[in-house]
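So the sequence shown is numbered by my numbering: it starts at -19 and just counts up by one. We treat Cβ as the ideally placed atom computed from N, Cα and C, and that holds for glycine. Just so it is clear, the structure is predicted and the values come from calculations on it, not from any experiment.
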Amino acid sequence: MTQLSRGVLGLALGLMLAIPVSAETLTVYTAVEAEDLKRYKSEFNKDHPDIDIRWVRDSTG
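In structure tokens form, the structure reads like this:
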């Protein structure tokens, strides 16, 4: 393997490691009304577009 080939291979590996592989998921347990969740998700995703929200809705007691 030539020195140029090693350099190109090293650069390619470095770039692959720098790219995020998957989005994150945030699980939120809440008693907020279902119609309000879309608004919260929209506002949250303005600053965090790569995070998916998973809602778990239940009563407070």
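Considering Cα atoms alone, identify which of 9, 32, 30 is closest to residue 39.
If you compare the alpha carbons of 9, 32, 30 with that of residue 39, the shortest gap goes to 9.
Do residue 31 and residue 4 have their C-beta atoms closer together than 7 Å?
In this structure, the beta-carbon distance from residue 31 to residue 4 falls below 7 Å.
Just list the residues that DSSP pairs residue 6 with in beta bridges.
Residue 6 is bridged by DSSP to 33.
Three-state secondary structure (DSSP) at residue 39?
It is coil, neither helix nor strand.
With DSSP run on the structure shown, which of helix, strand or coil describes residue 13?
Reduced to three states, the DSSP call for residue 13 is coil.
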